[in-house]
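K.L.:
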Amino acid sequence: MSFFLQLLVAGIATGALYALMAMGFVLVYRATRVVNFAIGEFLLVGGYLTYTLNLVLPLPWAMVLTLPLAFAFGLLVERGFVRPLLGRNVVAVIMATIGLALALDGATQLAWGPDQKYLEGQLPVLTLALGELILPSRSVWSLLLALPAALALVYALKRSRYGVLVRAVAESEVAALAMKIPAPRIVALVWGLSAALAAVGGALLAGLSGVGPHLIAMGLMVFPVAILGGMDSVGGALLAGMLVGVAESLSRGYLEALVPGITEATPFLIVLLVLLARPYGLFGEREIERV
Amino acid sequence: MLAVENLKVVYRGVILALDGVTLRVEPGEAVAVLGPNGAGKSTLVRALGGLLANYEGRVLDGRILLGDAEITHAGPLAPAREGLTAVLEGRPVFRYLTVMENLRAAGHRLPRARLAREIEEVLARFPRLAERRHEQAGYLSGGEQQMLILGMALLTEPRFLVVDEPSLGLAPRLVADLFQRLRQLQRERGLALVLVEQNARAALAIVDRVYVLERGRVVFEGRREEAERDVDVLEFYLGEGPAGYRQARRYRRRKRWV
Amino acid sequence: MPGKKLTRRQLLKTGAATAAVLAAPRWVRAQPRPVKLAVLLPLTGPFAFAGAAALEAFQDAVGLVNDELGGIAGRPLELIVEDTGYDVAKGTAAFNRVVNRERPDELLFVYGDSTGLSKALAPEITRLGLPYTATSYSGELADPERYPTIYVFGPTYQDMMEALLREIAARKPGARIALVYSNSEFGRDPIPYVKRRAAALELEIVAEEVTPLVLTDAGPVVLKLQRARADYVLTQGYVATAEPALLKAAREFGFRATFMGTYYSASNALIQRAGPAADGFLATYHNAYWYEVDVPGIRRARAYRRQKGRPNKPMTTYYVGAFFVGLTVAEAMRRAAAANRLSREGVLEALGNLADYDAFGLIHSLRFVRHRLPYTKLYRADARARRYVPYSDWIQLA
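Residue numbers (the working numbering), protein chains in the order written: chain A, 1 to 291; chain B, 292 to 549; chain C, 550 to 947.
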């Protein structure tokens with residue numbers, strides 16, 4: 001039993017990290033219908049920014065200061081790659097993100113060199129022990145950062161003034177513009193926010209495995225999580241992240257011995273099964289049929 | 292004063308939709324722009340709203356003046372600053388947002404307290420909306436959606452309100468009611484109203500002056516009385532009359548379903 | 550190309566080289582033809598850090614051979630560099646490009662990339678009679694009957710595991726062992742061997758975990774190892790990409806097994822990333838660390854870099870490994886030239902007779918046994934010193 005609980009807790013913590021990375025992705029998709037194939041590179045840039053700040057600052061401060069920088073990076077991407085294609089076919093923008101991914105791969109290697117970087121120091125240790133159950137510090141931090149961020153985001157989208165505007169722009173840019181809603185500014189904001197969320201994910205991952213191109217591969221986890229959650233649901237991304245994290249953890253604990261290597265495929269198997277039953281994912285918004 | 296001078300608009304660089312349109316609207320005045328399908332009415336609305344780019348359209352020649360400012364190429368948010376709001380065809384409410392959220396989105400520039408007051412005023416004016424305030428706008432009826440979009444337009448505080456085919460798809464009784472409300476609004480608020488319509492008879496009932504568009508040009512311009520005297524001529528231009536109107540509706544429906 | 554119109558791209562490509570040739574004085578052009586060493590390195594992609602280090606090493610080694618060792622019997626050694634992106638398809642294309650472009654009597658050695666790429670190229674390499682080695686220490690490559698021209702410049706992963714298993718058997722007879730390896734050719738390579746040998750040494754394998762190359766959360770893996778009550782954990786197929794996460798998680802869960810790994814775990818990056826949790830990690834390594842300045846090869850590399858004004862930074866194991874290969878390949882070429890057989894066959898013959906050479910102390914011996922060098926040392930991670938420190942003397946594995 002304690003083995004199961006321990007796996008569960010570890011899964012939830014990893015899932016929180018997945019959720020953090022996926023929420024920004026989902027937000028961009030929701031607001032602009034753009035599938036951001038450069039999301040892995042967003043993690044990478046976040047990781048490198050944290051690393052660079054960490055050269056002169058303690059890690060917690062480096063992570064905090066990364067947020068505005070990553071936000072600015074998101075704005076820059078929006079300005080440079082997305083806005084020029086505004087009003088064009090969404091596919092054009094998606095292709096642009098693929099190009100952006102390649103460009104960022106090269107640019108980060110040029111800027112920071114090819115060797116792996118690692119972060120100095122660590123976040124304050126917050127290991128929790130509940131009887132036999134141990135929650136390692138890094139899991140605690142994942143939960144501590146991801147959960148409030150996710151809940152705040154869900155709440156802001158639902159209730160705040162900006163949230164309503166984001167949803168309005170998401171539904172129809174031209175209708176929003178006609179109502180004098182500054183759609184370009186909202187879209188830029190969403191990209192900035194997405195980059196900042198990815199940066200937190202990148203920084204947490206970097207604390208674990210260093211900064212290097214492998215972070216891009218980690219970014220791929222965003223896709224099963226987002227699809228499972230329904231692509232456009234931020235709350236869905238949160239729950240789907242948890243689900244995928246827990247499934248991976250349990251699969252590692254119980255299935256791996258029977259089928260070595262199954263755990264890597266687990267997220268995708270779950271996505272497949274869920275989509276068969278619910279084509280819109282777990283929380284995807286259904287089309288309003290009535291015209 | 293809103294002035295359109297010799298406006299030419301093309302879509303995708305080749306399709307000429309407006310071919311030198313000139314018109315003027317004075318503050319506080321109600322003007323109808325009538326015309327059959329494909330005359331360029333909706334293009335005119337998009338141009339006034341600065342929204343052509345979103346439809347792959349572009350002003351080729353001529354200009355649009357609002358007061359002293361030229362807004363021809365100023366983009367979608369500039370006409371707003373000058374106090375012009377264009378309500379696009381098809382009642383483009385945000386269907387996944389509730390009625391309240393739609394109103395809040397439209398009135399986002401107002402200070403919080405004022406927004407609350409203004410929303411209450413809109414809801415008082417359209418009691419049906421008040422009843423359904425927490426429902427998603429996509430589930431409202433056509434008439435209710437039309438009220439909602441007008442309410443939203445009011446929350447943007449326009450001095451010039453351009454409305455594209457509000458009567459579309461509504462029962463005649465609802466159309467008469469809606470137009471009376473429009474008229475009332477226009478009077479109370481001292482708005483300049485540009486009513487872009489296919490339903491000439493209903494529109495003529497509430498406006499001061501009339502323009503008729505055909506194939507991207509102004510083919511008739513005059514006071515309402517002159518137009519009414521010449522309803523036959525108008526009907527010729529609009530391809531209308533009771534039978535023609537039904538035909539037009541059927542055409543519309545087909546277009547939307549395909 | 551004279552008389553032909555150049556396209557812009559061709560011009561850009563050849564521009565620099567052409568300019569150099571035209572500008573050089575006549576005696577340079579009269580210089581003897583070069584001898585060429587081609588290196589296919591992962592200069593982009595997930596292992597770009599290793600590829601970049603290896604590139605620096607080859608540049609230094611080739612420079613040192615030409616400047617200080619007189620080249621290859623008077624002929625200059627020339628380095629050809631291609632990027633593989635750690636991708637088999639891209640690497641194969643790069644290999645074909647080099648082999649088709651270069652003359653067989655000039656291109657005498659190719660240094661390749663991963664286990665996957667090397668296995669893919671092996672039949673063609675054999676057909677061409679081309680001397681070859683790679684970053685991979687796969688046991689499948691050290692097979693003189695199948696691949697007579699391929700050499701592994703170090704112990705195979707099997708050899709490395711053998712050294713670790715012997716250490717375990719000596720420390721704790723009947724110990725419980727867990728295997729953690731990446732889901733790749735690289736990870737799986739020595740596993741069947743380890744299972745066989747563990748049984749022979751009467752060690753019990755109590756857990757086997759296959760993971761991705763990069764591990765985000767090692768918690769579940771460590772929990773399983775802990776539940777299996779493993780005394781020793783052998784890792785394989787990572788490049789300090791999973792070991793730090795494993796070590797940290799083990800520390801957090803109070804799991805006290807000793808972790809061990811092979812050559813690619815011997816990078817100090819592992820200790821820097823794992824911090825205090827790295828302490829006691831045991832790795833096999835057969836070259837020398839940059840800070841082992843009593844090794845002549847390290848001193849020479851340091852002095853050469855200083856003399857050339859190249860950045861004075863601590864170099865990695867990937868650098869030292871490639872530097873060692875560069876020197877050794879040049880030595881084989883020089884011996885072939887001395888025997889008046891400076892050809893692919895001559896180089897292969899010389900590789901078989903290098904037993905008296907030790908590449909300035911960068912390896913125990915170059916006496917190949919079945920096309921690999923079955924000697925390694927064990928190094929122990931010292932978290933406080935943030936580096937690996939020698940733990941054993943040379944272990945001979947065959």
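We treat Cβ as the ideally placed atom computed from N, Cα and C, and that holds for glycine.
Out of B:Tyr346, B:Arg400, B:Leu420 and B:Leu375, which one is the CA nearest neighbour of asparagine 89 of chain A?
P.N.:
Nearest C-alpha to asparagine 89 of chain A: B:Tyr346.
K.L.:
Using a Cβ-Cβ cut-off of less than 7 Å, list which residues of the stretch 775-794 of chain C approach chain A; keep chain order.
P.N.:
Those would be Arg776, Thr790, Pro793 and Ala794, in chain order.
K.L.:
Taking Cβ-Cβ distances shorter than 7 Å, what residues in chain C pair up with alanine 62 of chain A?
P.N.:
The premise fails here: alanine 62 of chain A is roughly 16 Å from chain C at the closest Cβ pair, so nothing lies under 7 Å.
K.L.:
Quick check on the DSSP output: what are the complete alpha helix (DSSP H) runs of length 4 or more inside the stretch 159-241 of chain A, in order along the chain?
P.N.:
If we require 4 residues or more, the alpha helix (DSSP H) runs fully inside the stretch 159-241 of chain A come out as 161-171, 173-178, 183-209, 214-219 and 222-229.
K.L.:
Confirm, please, whether the CB-CB distance from glutamate 488 of chain B to leucine 325 of chain B is below 8 Å.
P.N.:
In contact: leucine 325 of chain B and glutamate 488 of chain B (Cβ atoms closer than 8 Å).
K.L.:
Can you pull the chain B residues whose beta carbon is under 8 Å from the beta carbon of methionine 242 of chain A, in chain order?
P.N.:
In chain order: nothing, as chain B lies at least about 25 Å away.
K.L.:
Using a Cβ cut-off of 7 Å, pull out every chain A residue sitting near proline 367 of chain B, in sequence order please.
P.N.:
Those within 7 Å of proline 367 of chain B in chain A are Leu177.
K.L.:
If we require 3 or more residues per run, which beta strand (DSSP E) segments fall completely within the stretch 674-732 of chain C?
P.N.:
If we require 3 residues or more, the beta strand (DSSP E) runs fully inside the stretch 674-732 of chain C come out as 681-683 and 725-731.
K.L.:
Grab me the residues of isoleucine 820 of chain C's own chain with a C-beta within less than 8 Å of its C-beta, minus the 5 sequence neighbours each way, in chain order.
P.N.:
Same-chain partners within the cutoff: Ala827, Phe830, Ala930, Asp931, Ala932, Arg935, Arg936 and Tyr937.
K.L.:
Assuming contact is defined by CB atoms lying nearer than 8 Å, are valine 45 of chain A and alanine 70 of chain A in contact in what I supplied?
P.N.:
Contact: yes.
K.L.:
Please work out which residues of its chain come closer than 8 Å, Cβ to Cβ, to valine 844 of chain C, disregarding the five sequence neighbours upstream and downstream, and give them in chain order.
P.N.:
Closer than 8 Å at the Cβ level, and outside the excluded window around valine 844 of chain C, lie Ala837, Phe909, Gly910 and Leu911.
K.L.:
Three-state secondary structure (DSSP) at lysine 773 of chain C?
P.N.:
In this structure, lysine 773 of chain C counts as helix in the three-state DSSP scheme.
K.L.:
Find the residues of chain F that neighbour proline 383 of chain B, judging by a C-beta separation of less than 8 Å, and give them in chain order.
P.N.:
Looking for chain F here will not work: the only protein chains present are A, B and C.
K.L.:
Which residue comes first and which comes last in the beta strand (DSSP E) that contains valine 34 of chain A?
P.N.:
Segment: none, valine 34 of chain A is in no beta strand (DSSP E) and carries neither H nor E.
K.L.:
Pick from B:Val510, B:Arg508, B:Leu486 and B:Glu505: whose alpha carbon is nearest that of alanine 321 of chain B?
P.N.:
Measuring from the Cα of alanine 321 of chain B, the nearest candidate turns out to be B:Leu486.
K.L.:
Would you say the stretch 438-451 of chain B touches the stretch 392-411 of chain B, given that touching needs at least three Cβ pairs under 8 Å?
P.N.:
Touching, yes.
K.L.:
Using C-beta distances below 6 Å, list every residue in its chain close to phenylalanine 37 of chain A, excluding the 5 sequence neighbours before and after it, in chain order.
P.N.:
Excluding residues within five positions, the ones whose Cβ falls inside 6 Å are Thr97, Ile98 and Ala101.
K.L.:
DSSP has glutamate 505 of chain B in a bridge; who is on the other side?
P.N.:
The partner list for glutamate 505 of chain B (beta bridge, DSSP) reads B:Arg508.
K.L.:
With glutamate 880 of chain C as the anchor, note down where its alpha helix (DSSP H) starts and where it stops.
P.N.:
Run containing glutamate 880 of chain C: 866-887, per the alpha helix (DSSP H) assignment.
K.L.:
Are leucine 27 of chain A and leucine 208 of chain A close, meaning C-beta to C-beta below 8 Å?
P.N.:
Contact flag unset, no.
K.L.:
Taking C-beta pairs closer than 8 Å, name the residues in chain A that threonine 447 of chain B reaches, listed in chain order.
P.N.:
Result: Met179 and Lys180.
K.L.:
Which residue wins for smallest C-alpha separation from valine 384 of chain B, given the options B:Arg506, B:Gly353, B:Leu309 and B:Leu439?
P.N.:
The shortest Cα separation from valine 384 of chain B among B:Arg506, B:Gly353, B:Leu309 and B:Leu439 belongs to B:Leu439.
K.L.:
Who are the near neighbours of aspartate 942 of chain C in its chain, counting only those whose CB is closer than 8 Å to its CB and skipping five residues on each side?
P.N.:
Lys926, listed in sequence order.
K.L.:
Would you please verify whether the beta carbon of phenylalanine 3 of chain A is less than 8 Å from any beta carbon of chain C?
P.N.:
Yes - at least one Cβ of chain C is within 8 Å of the one on phenylalanine 3 of chain A.
K.L.:
Here's the rule: buried if 16 or more other CB atoms are within 10 angstroms of the residue's CB, otherwise exposed. What is glutamine 116 of chain A?
P.N.:
It is buried - the Cβ of glutamine 116 of chain A has at least 16 other Cβ atoms within 10 Å.
K.L.:
Starting from alanine 587 of chain C, follow the alpha helix (DSSP H) in both directions and report where the run begins and ends.
P.N.:
Note, alanine 587 of chain C: premise wrong, no alpha helix (DSSP H); beta strand (DSSP E) at 584-590.
K.L.:
Can you name the start and end residues of the beta strand (DSSP E) that asparagine 297 of chain B belongs to?
P.N.:
Element bounds for asparagine 297 of chain B: 293-302.
K.L.:
Cα separation between arginine 303 of chain B and arginine 337 of chain B?
P.N.:
Approximately 15 Å between the Cα atoms of the pair.
K.L.:
Buried or exposed for tryptophan 351 of chain A, going by 16 or more other Cβ atoms inside 10 Å?
P.N.:
With chain A covering 1 to 291 only, the question about residue 351 of chain A has no answer from this structure.
K.L.:
Cβ closer than 8 Å: which chain C residues qualify as neighbours of tyrosine 118 of chain A?
P.N.:
What tyrosine 118 of chain A touches in chain C: Ala818, Gln821 and Arg822.
K.L.:
Contact criterion: CB-CB distance below 8 Å. Does threonine 363 of chain B meet it with respect to chain A?
P.N.:
No, because no Cβ of chain A sits closer than 8 Å to the Cβ of threonine 363 of chain B.
K.L.:
Is the beta carbon of alanine 718 of chain C sitting closer than 8 Å to the one on leucine 750 of chain C?
P.N.:
Taking 8 Å as the Cβ cut-off, alanine 718 of chain C and leucine 750 of chain C qualify as a contacting pair.
K.L.:
Using a Cβ cut-off of 9 Å, pull out every chain A residue sitting near glutamate 757 of chain C, in sequence order please.
P.N.:
Simply Glu256, Ala257 and Pro260.
K.L.:
Hey, is isoleucine 134 of chain A's beta-carbon within less than 8 Å of any beta-carbon in chain C?
P.N.:
Cβ-Cβ to chain C under 8 Å: yes for isoleucine 134 of chain A.
K.L.:
Nearest to proline 318 of chain B by CA position, among B:Leu420, B:Gly381 and B:Gln477, is which residue?
P.N.:
Of the candidates B:Leu420, B:Gly381 and B:Gln477, the one whose C-alpha sits nearest the C-alpha of proline 318 of chain B is B:Gln477.
K.L.:
Does chain C have any CB closer than 8 Å to the CB of alanine 300 of chain A?
P.N.:
Outside the shown range of chain A, which is 1 to 291, sits residue 300 of chain A, and nothing can be said about it.
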